[in-house]
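Those letters in the sequence shown? Residues 1258 to 1922, by my numbering.
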Amino acid sequence: MKRNTVFFQIIFRVLVPVFIGLLIMEVLTYFHTKKLLTNAEMEKELSIIDEIGTILTLRDESISLLDSYLKNSMEAKTNEIVKYIAGSNHNPITIDLKELQQKLNFIPDIEDIYIIDSAGTVVNTTFKADLNLNFFSFGERHEAMLRKVLKSDEFVAESFAIEAKTKRLKKYSYKATLDNKYIVELGFYSPKADSLIKTVNERLNHIGNKDISLVSVDLFIGPDNPFSLNPSTEISTEHLSVLDEVFSAKTSKIIQSKDNEDLKFRFIYMDRKHTDFYKSSVIRIGINETAYREFLQFELLKSVLLFIFIILIVSIIAYYSIKSILQPIRNLISGVDKITDVDFYERIEVVGKNELTELTKHFNRLLSRIEMRNEEIASLTSNINRINKDLNNAYEIIYNNKQDSIKAEKHILSVRQYALGIQTAVNAPFNAFKEIFPDSFLFLLPKDVVGGDFFWYAKIENNLVFAVADATGHATPGAMISMIGLFGLRNTVEIKGITNPLEIMQNLDKEFAFLLQTENSNSHFYDGLDIGIGTLDLNTGKLLYSGAKQQLYVVSNNIVQNLRGENISIGKFFNDAPKEFKLETCELQNGDYIYLSTNGLPDQYGDFNNTRFTTNRLVKLLTDNSNQSCDDQSFKIKKALRDWKGNEEQVDDILVFGFKFTKNE
């Protein structure tokens, strides 16, 4: 037993419960902080909504006052125009409205006059872009309103409305001429209304700038065609769809940005009951959760550092406290060391009245007995000399055994060469595969004489079944597992006639589990295959694939499609969970390239940077050279491996397989 066993037992029994308690406390503190922060975010959003509601209420009341003021002014000017047309027998179609506009003190840039005939056509106007425009085409409701105005002498003034083209507020009024043949329409913009809208937009932007987590605050009105009075506001197709949904359901919704996982948008419906300007609106609040996430990360880091600091302080205090408690034991050990260096005559001083006192007394008695046995040890010395002689004889035997081991190693090498011959005979010849697809390659580089990586195929009617596998281990153990895999594939496909990759995978897994089972069900071992199996219909180009830790790549016009398979292996493993393989499909076109590779090349370390080649670099290598012949591709793979590996040792068996698909005619 080591000297520090008691010390570390005390440390473990005292400090570990303290460490666990502190860890639980820090975790609870972190989640409590997270909850408080989430509640604060919700309260902040409610405050924003309340502030926006107040702003909109003030805006609506201000617009209502402007509306009343403009109505009186428009009615007075309309009456003067009607009186002017009737008093001098002017033709409404030919009168100079520009001159009349100047005479009646109109503001030409924002106040326009329209003369509309009984057919709804603009026959004269100061806004030439609308000349000859038929207002009846604006809809049945608008036409009915204009016809009603023609038949009466009443002045009709609409509330402020949003002009579709300019997104500005504009107020319209209507009154028939005295002969009820024409309608005098006035259309007024309001600089004060524009200024009010601008102030509201600036206020909304100010709300968004008060907090770094707020990206934007936007207001949308108009349930039929939602838009914002802020011309800089953009509405994506996705957001337009959400706006329609929120307006229809009169609810709220949160969506996540597709481009930024930390950015979310909250859409909130607001009902406007005390204004004629519009009846409903939706607020869109853009929230960047980066600050929220960074704050939580900071809190977590702070908790971890505090935990480490407390652990360090407690550990130091416990260390020196326990060390002082154990100091008498160390004194006893020191005395024992001195006695063992001399002639067993020295005794340890007995001090105090505690457990150590009794221990010291017993130890002194033990020394007396050792002294009595000392003479017996002398007699044993001669026996030790005899044993030394025997050891010399044993050394000669070991040397001879070493020579035998060298011979055995040569024999093992010859066995591996024989195993390679068997593996080559059982494996499917790749030259026969090239008769089916001439433009194909197989780059196979075992780490040893034989390896665990192999390629296999079989042609069953119009179906071509092919597989690339990586057995556990390499050299002879890997070759043995690969032989089981090869025989399993031949039994499943060629004898049982199974061509569906998923069924092949399941049958192969059962055979491995049966062949590799042991009497001890809890034995710790890992034997099996990482394998990818594909079945290709040579007439239609339909490819079925199932993979066990193997990925298949289809390159079409330099675009890679990845059939990933499942992250489980074929075979029997320690504590293996139930396996569920999956079947994937792909429709191949003439000229498409299909590739399969074991993990040998991606896992190979480089000589100059001590990093792995990686799957991404392999996929890029295959894609960049997919416009070349398979022979050239194989050469490029070999060159890339040589340049990358340099003087570094090969870490595993390497296999890369590919072919160019061409349909049977």
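Glycine included, C-beta positions come from ideal geometry on N, C-alpha and C.
All of these numbers come straight from a predicted model, not from anything done at the bench.
CB of residue i within 8 Å of CB of residue j, strictly
i	j	result
Y1714	F1723	yes
K1510	F1524	yes
I1894	V1876	no
I1372	V1380	yes
L1786	I1738	yes
T1383	Q1359	no
F1445	E1368	yes
K1432	F1417	no
L1279	F1564	yes
L1471	I1540	no
I1761	I1790	yes
K1428	D1324	yes
D1766	T1855	no
Q1846	G1804	no
D1519	K1704	no
I1440	L1403	yes
I1492	S1538	no
L1820	E1841	yes
K1896	D1696	no
V1275	V1571	yes
G1742	I1816	no
S1430	T1351	no
D1784	T1749	no
Residues bridged to residue i (per DSSP)
i	result
W1713	A1724
A1414	S1430
M1402	Bridge partners of M1402: none, in fact.
F1522	I1512, G1543
S1813	I1816
F1484	I1478
M1527	S1538
D1436	Its beta-bridge partners do not exist; DSSP assigns none.
F1700	V1913
E1841	Y1802
E1368	F1445
Contact belief for residue i with residue j at Cβ below 8 Å, rounded distance in angstroms
i	j	result
L1795	N1688	Their Cβ separation, rounded to whole angstroms, is 18 Å, which puts L1795 and N1688 out of contact at 8 Å.
L1853	L1898	About 17 Å separates the two Cβ atoms, so there is no contact after all.
N1757	L1801	7 Å
L1461	D1475	7 Å
K1839	S1826	Actually they are not in contact, since the Cβ atoms of K1839 and S1826 sit about 14 Å apart, beyond 8 Å.
K1405	N1437	With 8 Å as the limit, K1405 and N1437 do not qualify as a contact, their Cβ atoms being about 11 Å apart.
Y1287	S1560	5 Å
G1822	Q1808	6 Å
Through-space distance from residue j to residue i, alpha-carbon basis
i	j	result
Q1907	G1708	13 Å
R1425	L1453	11 Å
K1997	G1377	Not covered by the structure: residue 1997. The range shown for the chain is 1258 to 1922.
Q1861	N1867	9 Å
K1920	L1746	25 Å
D1501	P1480	7 Å
K1902	I1911	12 Å
L1327	K1449	11 Å
T1311	K1521	24 Å
K1301	L1313	18 Å
R1316	V1457	7 Å
I1771	P1835	The residue asked about is misnamed: residue 1771 is Phe in this sequence, not Ile. Approximately 15 Å between the Cα atoms of the pair.
R1550	H1289	15 Å
I1320	S1447	10 Å
V1273	T1871	41 Å
F1504	Y1526	7 Å
G1915	N1824	22 Å
M1331	P1483	29 Å
I1568	Q1554	21 Å
L1361	T1434	17 Å
S1639	M1629	18 Å
N1391	E1400	10 Å
S1625	I1586	21 Å
I1627	L1773	56 Å
Contacts around residue i, its chain only, beta-carbon distance under 7 Å, and the 5 residues preceding and following it disregarded
i	result
D1888	F1698
E1905	Y1862, G1863, D1864
Y1675	Residue confidence for Y1675 is low, a pLDDT of 48 falling below 50, so the modelled location carries little weight; the figure read from the coordinates is stated next. Nothing listed; no residue qualifies.
Beta-carbon contacts of residue i that lie in its chain and below 6 Å, excluding the five residues immediately before and after
i	result
L1879	Y1852
V1812	Y1850, T1880, S1883
Residue-chain proximity (residue i, chain D), Cβ-Cβ < 8 Å
i	result
D1647	Considering every chain present, this structure includes no chain D. It has just one protein chain.
Cutoff 8 Å; reference residue i; Cβ partners in own chain excluding five residues on either side
i	result
R1869	P1859, D1860, Q1861, Y1862, G1863
N1389	T1378, V1379, V1380
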